[in-house]
Structure formats: C-alpha cells, structure tokens
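First up is the structure itself, then whatever we jot down about it.
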Amino acid sequence: MDESVVDDLIRRLVSAKNGRTTKQVQLTEAEIRQLCSASKEIFLSQPNLLELEAPIKICGDVHGQFSDLLRLFEYGGYPPEANYLFLGDYVDRGKQSIETICLLLSYKIKYKENFFLLRGNHECASINRIYGFYDECKRRFNVRIWKTFTDCFNCLPVAALIDEKILCMHGGLSPDLKNLDQIRNIARPVDVPDQGLLCDLLWADPDKDVEGWGENDRGVSYTFGADKVAEFLQKHDLDLICRAHQVIRLNFLFSFLVSRLELNWTCVLVYALSLGTDNST
201 MDESVVDDLI
211 RRLVSAKNGR
221 TTKQVQLTEA
231 EIRQLCSASK
241 EIFLSQPNLL
251 ELEAPIKICG
261 DVHGQFSDLL
271 RLFEYGGYPP
281 EANYLFLGDY
291 VDRGKQSIET
301 ICLLLSYKIK
311 YKENFFLLRG
321 NHECASINRI
331 YGFYDECKRR
341 FNVRIWKTFT
351 DCFNCLPVAA
361 LIDEKILCMH
371 GGLSPDLKNL
381 DQIRNIARPV
391 DVPDQGLLCD
401 LLWADPDKDV
411 EGWGENDRGV
421 SYTFGADKVA
431 EFLQKHDLDL
441 ICRAHQVIRL
451 NFLFSFLVSR
461 LELNWTCVLV
471 YALSLGTDNS
481 T
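Structure below.
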C-alpha cells in the first residue's frame, strides 16, 4: 500500500476530532479494502505470539469509541512517539467502529515494528454480526466490506510476550495451554471456535473466588483461579499476565491490579474506554 495513501488516511482520521466528539470520516470502499489487504499481509508475516520489548503502552478494549481512541493517543503520545500493544475488541458497541479500526490498521501498516494489534473476541464474525459492527458496515457501505474486515480479523495474532516476562492476551488462560509453542502454532487465517485454546485466549476470565477452573457466566470458555495463574507463571518463568475483556470503571488506560501475595501471582486487567457499560461479551 502506498505510503502517501496511508499518511493521508491517518491525517483525515486524526483530524476528525471536534472537541470531545469526533466527526464521521468519509472513507472509500477501495481505501478500506487496501487497508485490510495490506494489514492482513503484515499480520501473517509476524508471529501469532508476538515477542516484544519494553517500553510499550498496553491498551484494552476500545469498542468503536473513536473519540476515546484519539484521547488515548493524546494521553500516551501519537505513534511513533510511543510503542503500542492493543489487546483486541476494536469494534462493536460504539458508534464509530469503522474509523476506529481503520486508524489502528493504518498505524499498523505505517509502523509495523512499533504498533501491534491482538485479536479480541469481537474480532469474530459470529460476535460482531450481532453487536453493531455488521450493521455499521451495512449502513455506511455494504455487507462485502464487513466480510473484508472479517478476513482481516481472521489473521490477527492472539498473544504477545513482552521481555519474555509478561504474557498478554485478550481473554485469559486455557486448560489446554501447556506450552507457549501451542500459541505460536495456531494456524491463520482462522475463525474463532466455540471451545478450545483459541477460544479461551479470547474469552476466559480470572475469578478471585474460584480455585482451578470454573464455569464462565458468559456461557463460553472458563474462569480461572489464582492457583492456575501461579502455576502457569511459575512453569513458564513469567512475572505477569496482562489481559482485557472486562470493564473497569473510573479509569482510562491501565487499571485494576489483582494479586494474592500468599500465592505469588499477579493478573492485570487493562481497559481503554473512559466510559463503559457492563461487558458480558
């Protein structure tokens, strides 16, 4: 994709900010197809388990709230001023999923070694078909554009390892996850199955009241207790698990540290929205 085209897209998207709100940006179907094609190629050229180095800013769910995304960059620095890792859930719920994902893909193309996107459970056709993204694509463009995004989402990496010590994903641990090579070996492009390792990486939740593995109220995947976190961290010589997937109120970028010192485990939840509603999916 021509660099001047990417630069123009970034300029137009960033300039959409209008006070605390953002204007709708006029994008063409051809531009979106180019973005998805170019970023898909980059995603597949990089590992499914990204191996990254600090310093890097880690951001959680954005969910189509484009004004919050721009505010986040104002707070943390627009690329390439800072390196970023986003943990998924770029679309659905908010009013500007298209602007949100297009800016993120544009930055990925321009700064592919400094800007990273993981897959969330909403980067899946069966979910964003229901929670708003499909309707936005159909209203503003057509169903073909939604399918183009779906093909791109099916190529996103699903986890990242920072300085060999911090494991990041959207959801959480899995009873099927015995070693990190299993993540590296997940074939792409791939749709998210209803169960198994990939499903759990995008859907699982920690629960301080659970020991071992528990049922998940979402009806998908599991909950996991402090003992499973401690066991996993010790086995793989890790310090931290960093994930998103749930709302933490009254914060913006990095929030809610859960730790049980007697078990020597730590799990950090990151959420990027300044205003959120209960997130059951």
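Here the sequence shown is numbered in the working numbering, starting from 201 and rising by one per residue.
A virtual CB, placed ideally from N, CA and C, is assigned to each residue, including glycine.
Within the segment 351-433, the beta strand (DSSP E) runs of at least 3 residues that lie entirely inside it are, in chain order, 359-362, 366-369, 413-415 and 422-424.
Remark: C-beta atoms of Cys-259 and Leu-285 approach each other more closely than 9 Å.
For Ile-441, the enclosing beta strand (DSSP E) covers residues 440-443. Note that the segment 403-423 does not touch the segment 379-390; fewer than 3 beta-carbon pairs, one per stretch, sit closer than 8 Å.
Asp-417 counts as exposed, since fewer than 16 other C-beta atoms from the protein chains shown sit within 10 angstroms of its C-beta. Beyond the five residues adjoining it in sequence on each side, Leu-304 comes within less than 7 Å, by CB distance, of Phe-286, Tyr-290 and Leu-317 in the same chain, given in chain order. Listed in chain order, the alpha helix (DSSP H) elements of length 4 or more contained wholly in the segment 207-262 are 229-245. In this structure, the beta-carbon distance from Ala-282 to Pro-247 does not fall below 9 Å. Rounded to whole angstroms, the gap between the alpha carbons of Gln-265 and His-445 is 15 Å. Within a 10 Å sphere around the beta-carbon of Pro-393 sit fewer than 16 other beta-carbons, which makes this residue exposed.
Taken atom to atom, the span from the alpha-carbon of Lys-378 to that of Leu-402 is near 17 Å. Exposed is the label assigned to Asn-342, since fewer than 16 other Cβ atoms lie within 10 Å of its Cβ. Sequence-distant partners of Tyr-334 (beyond 5 residues in either direction) whose C-beta falls short of 7 Å from its own C-beta, in its chain, are Asn-328 and Trp-346. The three-state secondary structure of Phe-273, taken from DSSP, is helix. The beta carbon of Ser-239 sits closer than 7 Å to those of Leu-305, Lys-308, Ile-309 and Cys-352, all from its chain and outside the five residues before and after it, given in chain order. Counting along the chain, the unbroken alpha helix (DSSP H) around Leu-305 starts and ends at 297-310.
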